[in-house]
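**Student:**
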Amino acid sequence: MYQAIARTFTKSLISSLLLAFSGLIAGVDAAIAQSQNLPICQSPGAGEYLLLVISPTSSNQNQLRSALPGELKTITCRYLKDTVVTRIGGFRNIDDANRWARYISTVVGLSAIITTRPADGAPSRNDNQSVSYKPQQLGEGYAVLVDYYNRPEVANQVQEVVGRDVGFATYGQRPYLLAVYTSNQKDAYTTLQKLSEQGFSAVLVDSRKVLLLRSAVRLQ
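Sequential numbering of the sequence shown, starting at 9, is according to the numbering used here.
What follows is the structure in structure tokens.
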């Protein structure tokens with residue numbers, strides 16, 4: 009009798025696990041299918057700043073839209089090939105975009121990338137140039153920038169937090185300290201959070217729009 013009960017329980021447990029696993033696979037397949045069916049994000053217009061909010065699930069997207077006013081136009085699209093984001097456009101300066109990025113992070117708990125069109129005439133990358141002294145357009149990835157408010161000593165403080173050399177760069181024709189440049193989303197978000205917790209005015213941006221002026225800022 010006990011053996012029969014044990015066999016029945018084992019079969020029920022296996023069936024439940026199979027159903028749960030099937031549901032998980034179906035969810036993953038649905039997420040992949042959604043990503044593949046989404047359009048590539050449209051580039052920003054002249055003088056426009058975009059917020060690209062990382063929102064891989066329908067729940068993320070719905071939660072975000074419910075927290076935003078109706079006048080902000082949003083669209084779900086793909087960024088950097090396979091990253092699902094909600095595109096929010098129409099910002100005319102980086103300060104407005106940064107304020108909304110902070111609002112979304114605080115209220116919804118989602119991270120946002122700020123991107124804009126490079127300034128006309130920005131020099132292209134030249135591998136024969138010295139990275140330390142010659143302007144260089146960064147490649148694909150993520151950059152965490154810090155507004156130093158014309159206080160050069162902030163560079164040393166940022167360097168202590170990130171544990172590496174801090175660069176000097178421009179973004180949207182404004183100067184910033186470059187805390188990190190990476191192709192790893194997680195590393196960029198971790199650095200952004202660490203700097204924000206220490207009270208720095210940090211922002212995560214599309215690194216392709218950043219012009220590196222010096223790879224290391226050294227103050228005595």
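Note that beta-carbon positions come from the ideal geometry of N, C-alpha and C, so glycine has one too.
The structure displayed is predicted, hence computed values, not measured ones.
1) How is V170 classed by DSSP in three states: helix, strand or coil?
2) Distance, Cα to Cα, V166 vs K217?
3) What is the rounded straight-line gap between the Cα of Q71 and the Cα of R226?
4) Out of curiosity, what's the CA-to-CA distance linking G115 and A75?
5) Pull up the distance between the alpha-carbon of L146 and that of G175, whole angstroms please.
6) Grab me the residues of A196's own chain with a C-beta within less than 7 Å of its C-beta, minus the 5 sequence neighbours each way, in chain order.
7) Using a Cβ-Cβ cut-off of 6 Å (strictly less than) and excluding sequence neighbours within five positions of C85, which residues of its own chain qualify?
8) Take the Cβ of L87 as the centre, count every other Cβ of all protein chains shown within 10 Å, and call the residue buried at 16 or more, exposed below.
9) Check this for me: beta carbons of I62 and S119, under 8 Å apart or not?
10) Grouping DSSP H, G and I as helix and E and B as strand, with all else coil, what is Q50?
11) In chain order, what residues of the same chain have a beta carbon less than 8 Å from the beta carbon of K125, not counting five sequence neighbours either side?
12) Please check the pair A105 and L59, which I expect to be a contact at CB under 8 Å, by giving their CB distance rounded to whole angstroms.
**Tutor:** Considering the structure as presented:
1) For this step, residue 170 is matched to residue 162 along the sequence shown. Note: V170 maps to helix in three-state DSSP.
2) As a working note, residue 166 is residue 158 in the sequence shown. As a working note, residue 217 is residue 209 in the sequence shown. Approximately 21 Å between the Cα atoms of the pair.
3) In the sequence shown, the residue the question calls residue 71 occupies position 63. In the sequence shown, the residue the question calls residue 226 occupies position 218. Approximately 43 Å between the Cα atoms of the pair.
4) Counting from 1 along the sequence shown, the entry for residue 115 is found at position 107. Counting from 1 along the sequence shown, the entry for residue 75 is found at position 67. According to the sequence provided, residue 115 is Val. The question's Gly does not apply to it. Rounded to the nearest angstrom, the two C-alpha atoms are 8 Å apart.
5) As a first step, residue 146 is located in the sequence shown; it is residue number 138 there, counting from the start. As a first step, residue 175 is located in the sequence shown; it is residue number 167 there, counting from the start. Looking at the backbone, the Cα of L146 and that of G175 are separated by about 12 Å.
6) Here the question's residue 196 lines up with position 188 in the sequence shown. Within the same chain, A196 has close Cβ partners Y150, V152, V188, T190, L212.
7) Locating residue 85 in the sequence shown gives position 77, where the first residue counts as 1. Cβ neighbours of C85 beyond the five flanking positions: L46, P47, C49, R95.
8) Position 79 of the sequence shown, counted from the start, is the residue given in the question as residue 87. Note on identity: in this sequence residue 87 is Tyr, with Leu being the wrong assignment. Buried is the call here.
9) Locating residue 62 in the sequence shown gives position 54, counting from the first residue. Locating residue 119 in the sequence shown gives position 111, counting from the first residue. With a cutoff of 8 Å on beta-carbon distance, I62 and S119 are scored as near each other.
10) For the purposes of this step, residue 50 is identified with residue 42 of the sequence shown, where counting begins at 1. Under the three-state reduction of DSSP output, Q50 falls in the coil class, being neither helix nor strand.
11) Within the sequence shown, the letter at position 117 stands for residue 125. Checking the displayed sequence, the identity of residue 125 turns out to be Arg instead of Lys. Scanning its chain for C-beta atoms nearer than 8 Å, with the 5 sequence neighbours on each side dropped, one finds around R125 the residues S51, P52, G53, A54, G55, E56, K217, in chain order.
12) In the sequence shown, counting from the first residue as 1, residue 105 sits at position 97. In the sequence shown, counting from the first residue as 1, residue 59 sits at position 51. Beta-carbon to beta-carbon, A105 and L59 are separated by about 6 Å, close enough to satisfy the 8 Å threshold.
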